[in-house]
Amino acid sequence: MAKERFEKPTGTQDVLPGAVEKWQYIEGKARELCHRFNYREIRTPMFEHTGLFERGVGETTDIVEGEMYTFKDKGDRDLALRPEGTAGVVRAYVQNKLYGEPDVSKLYYIGPMFRYERPQAGRYRQFHQFGIEAFGAVDPAIDAEVVSLGYQYCKDLGLSGVRVEINSVGNAPSRAAYREKLLGFLRPMKDTLCSDCQRRMERNPLRVLDCKKDQDKFVEAPSILDSLDEECTTHFEKVKEHLGAMGLEYTINPRLVRGLDYYTHTAFEYKAAGIGSIDTVGGGGRYNGLVEEIGGPDQPGIGFGIGLERILLILENQQVELEATKPLDVYFVGLGEAADIEISKQLFVLRNLGFSAERDYLGRKMKAQMKSADRMSARYTAILGEEELNNGVIALKSMATGEQQTVKLEELGQALL
Ligand code: HAM
Numbered sequence: 013m014a015k016e017r018f019e020k021p022t023g024t025q026d027v028l029p030g031a032v033e034k035w036q037y038i039e040g041k042a043r044e045l046c047h048r049f050n051y052r053e054i055r056t057p058m059f060e061h062t063g064l065f066e067r068g069v070g071e072t073t074d075i076v077e078g079e080m081y082t083f084k085d086k087g088d089r090d091l092a093l094r095p096e097g098t099a100g101v102v103r104a105y106v107q108n109k110l111y112g113e114p115d116v117s118k119l120y121y122i123g124p125m126f127r128y129e130r131p132q133a134g135r136y137r138q139f140h141q142f143g144i145e146a147f148g149a150v151d152p153a154i155d156a157e158v159v160s161l162g163y164q165y166c167k168d169l170g171l172s173g174v175r176v177e178i179n180s181v182g183n184a185p186s187r188a189a190y191r192e193k194l195l196g197f198l199r200p201m202k203d204t205l206c207s208d209c210q211r212r213m214e215r216n217p218l219r220v221l222d223c224k225k226d227q228d229k230f231v232e233a234p235s236i237l238d239s240l241d242e243e244c245t246t247h248f249e250k251v252k253e254h255l256g257a258m259g260l261e262y263t264i265n266p267r268l269v270r271g272l273d274y275y276t277h278t279a280f281e282y283k284a285a286g287i288g289s290i291d292t293v294g295g296g297g298r299y300n301g302l303v304e305e306i307g308g309p310d311q312p313g314i315g316f317g318i319g320l321e322r323i324l325l326i327l328e329n330q331q332v333e334l335e336a337t338k339p340l341d342v343y344f345v346g347l348g349e350a351a352d353i354e355i356s357k358q359l360f361v362l363r364n365l366g367f368s369a370e371r372d373y374l375g376r377k378m379k380a381q382m383k384s385a386d387r388m389s390a391r392y393t394a395i396l397g398e399e400e401l402n403n404g405v406i407a408l409k410s411m412a413t414g415e416q417q418t419v420k421l422e423e424l425g426q427a428l429l
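Numbering (the numbering used here), first residue to last: 13 to 429.
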């Protein structure tokens, strides 16, 4: 009887050799960029107490209402796979008292997040974010820095046509004032709105503006920017001034509200065409009440999350060639049993010297071994037959030029240099 075969869960991906180099490349670019901007890596658990996300992300968000992978562990604890990175980083910031440090905490992370969403191009159930979070500063300079870092990331990768949209969602009093104005606009059209919008209207009316189906109906909606108080307006003006000084182009989108509840003041998104119907590569904003909400002191924060699957999809669609593959330095072609042993020795020596090196393990004929060297894009093949072995030499062939030379076995490393 045939054994049962398993397939990967819906909405997940296997990253195979050939594709994984692209992942390593874009992750490496993120690390390098964060170093330039003086952000340091933080690694937090893949799962947290469910309550953290309910409180942090917000009870009325799509994520908490229906997209979390929640479970009970054997100790009857309510846990959830992290649907996003911010809440866990804030928890770690509070728990480890990073707020006690004299400088602003500038942190970044790269890793998987989990949301039970309907999979489509650019949307998965396990996906990966590159995110940053900066704590402890209200200075609009840091808002601009965060916005610019994400934009620079897209540029460094060679993406074109990435647009930055920004907005201010204000502080709590400004949002409360806006909420009333917006409800005044929405209520008369309630019956014409989709069921999601109708449900959201009373619980979280700002989220209605995010609806894909009803977008066109909100063209005349009041702008949140008209409800901002003086503090919020000044902050937003300053952010724009800093962005202007950097020469960073952006558009103001007063209907940009983001899908998570913790945002205050600056909210922004990176948009690009080319991932089917989805056009958001990443987004973020300021969250000045969140640290306190999660049991910490009154410390401000700001950050973003960029979806790495989306980055890769757009790179592919824009046919951007990444310098991702690393060729092999040398492939050993061996003929005969004595050569077989000698090659083990030579491989060990070369790998210790820092070369990437490979050999045949299948006892194949010379021609098949040469084909392997080709497939692995080896720079050199080192050919060892009985005759070479007897003379203590090896034939070294450049795969680029076809040129061949004979070198002493003990000088192989030197020759490759
Ligand atoms: P978010 O807008 O929910 O924000 O997610 C950020 C990015 O993650 C999205 O723009 C998208 O590229 C990617 N993403 C989200 N869901 C999926 C999915 N199902 N499949 C593939 N990619 C996805 C946050 O998560 C906030 N924590 C960002 C932030 C950090 N705000 C402040 N600091």
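Quick reminder that beta carbons are idealized off the backbone N, C-alpha and C, glycines included.
Are the beta-carbon atoms belonging to residue i and residue j less than 9 Å from one another?
i: Pro312; j: Asp241; result: no
i: Asp155; j: Val293; result: no
i: Thr393; j: Phe360; result: no
i: Leu237; j: Asn179; result: yes
i: Thr263; j: Arg199; result: no
i: Gly442; j: Leu325; result: Nothing about residue 442 can be read from this structure; the chain reaches only from 13 to 429.
i: Gly425; j: Leu334; result: no
i: Ile38; j: Leu169; result: yes
i: Tyr128; j: Glu79; result: yes
i: Leu161; j: Phe18; result: no
i: Tyr282; j: Thr98; result: no
i: Ala369; j: Leu347; result: no
i: Phe280; j: Glu177; result: yes
i: Leu320; j: Phe139; result: yes
i: Gly315; j: Val158; result: yes
i: Leu396; j: Glu354; result: yes
i: Tyr190; j: Leu218; result: yes
i: Asp208; j: Val269; result: no
i: Val102; j: Gly70; result: no
i: Ala385; j: Glu33; result: no
i: Ala42; j: Phe142; result: yes
Using C-beta distances below 6 Å, list every residue in its chain close to residue i, excluding the 5 sequence neighbours before and after it, in chain order.
i: Glu304; result: Asp310
i: Leu28; result: none
i: Lys225; result: Cys206
i: Ser235; result: Pro266
i: Ala153; result: His254
i: Phe147; result: Tyr105, Ser117, Gln311 and Gly313
i: Ile290; result: Gly134
i: Val332; result: Gly170
i: Lys357; result: none
Which residues in the same chain as residue i place their Cβ atom closer than 7 Å to its Cβ, once the five residues preceding and following it in sequence are excluded?
i: Gly404; result: Lys420 and Leu421
i: Thr245; result: none
i: Phe83; result: Leu91
i: Pro131; result: Thr22, Gly23 and Arg137
i: Arg211; result: none
i: Met258; result: Ala156 and Ser160
Just curious, the alpha helix (DSSP H) that residue i is in, first and last residue?
i: Asn179; result: No alpha helix (DSSP H) contains Asn179, which is instead part of the beta strand (DSSP E) from Arg175 to Ser180.
i: Asn356; result: The identity of residue 356 in the sequence shown is Ser, whereas the question assumes Asn. Its alpha helix (DSSP H) spans residues Glu349 to Leu365.
i: Gln132; result: It is not in any alpha helix (DSSP H) - Gln132 carries neither H nor E in the DSSP assignment.
i: Arg187; result: Ala184 to Leu198
i: Phe248; result: Glu242 to Met258
i: Lys34; result: Val32 to Arg48
i: Val303; result: Leu302 to Glu305
i: Arg211; result: Ser207 to Arg215
i: Pro322; result: In the sequence as presented, Pro is not what sits at residue 322; that position holds Arg. Unbroken alpha helix (DSSP H) run through Arg322: Leu320 to Asn329.
By the DSSP assignment, the beta strand (DSSP E) with residue i in it spans what residues?
i: Ala369; result: Ala369 to Arg371
i: Phe59; result: Phe59 to His61
i: Ser384; result: From DSSP, Ser384 is part of no beta strand (DSSP E) but of the alpha helix (DSSP H) over Met378 to Arg387.
i: Glu281; result: Thr276 to Ile287
i: Leu93; result: Asp90 to Leu93
i: Ser172; result: Careful: Ser172 lies outside any beta strand (DSSP E) and carries neither H nor E.
i: Leu119; result: Ser117 to Phe126
i: Leu419; result: Strictly speaking, residue 419 in this sequence is Val, with Leu absent from that position. Taken as a continuous stretch (DSSP letters only), the beta strand (DSSP E) holding Val419 covers Gln416 to Lys420.
i: Tyr105; result: Counting along the chain, Tyr105 falls outside any beta strand (DSSP E), though it belongs to the alpha helix (DSSP H) covering Thr98 to Gln107.
i: Leu408; result: Val405 to Ser410
i: Val342; result: Val342 to Gly346
i: Leu396; result: Tyr392 to Leu396
i: Gly3; result: Since the first residue shown for the chain is 13 and the last is 429, residue 3 is missing from the structure and cannot be characterised.
i: Val293; result: Ile290 to Arg298
i: Lys84; result: Thr82 to Lys84
For residue i, I'd like the list of residues in its chain whose CB is within less than 8 Å of its CB, leaving aside the five on either flank, ordered along the chain.
i: Pro57; result: Arg94 and Gly100
i: Asp228; result: none
i: Glu415; result: Lys409
i: Arg52; result: Cys46, Lys118, Leu119 and Tyr120
i: Tyr163; result: Val174, Val176, Leu260 and Tyr282
i: Arg391; result: Pro339, Leu340, Asp341, Val342, Ser410, Met411 and Ala412
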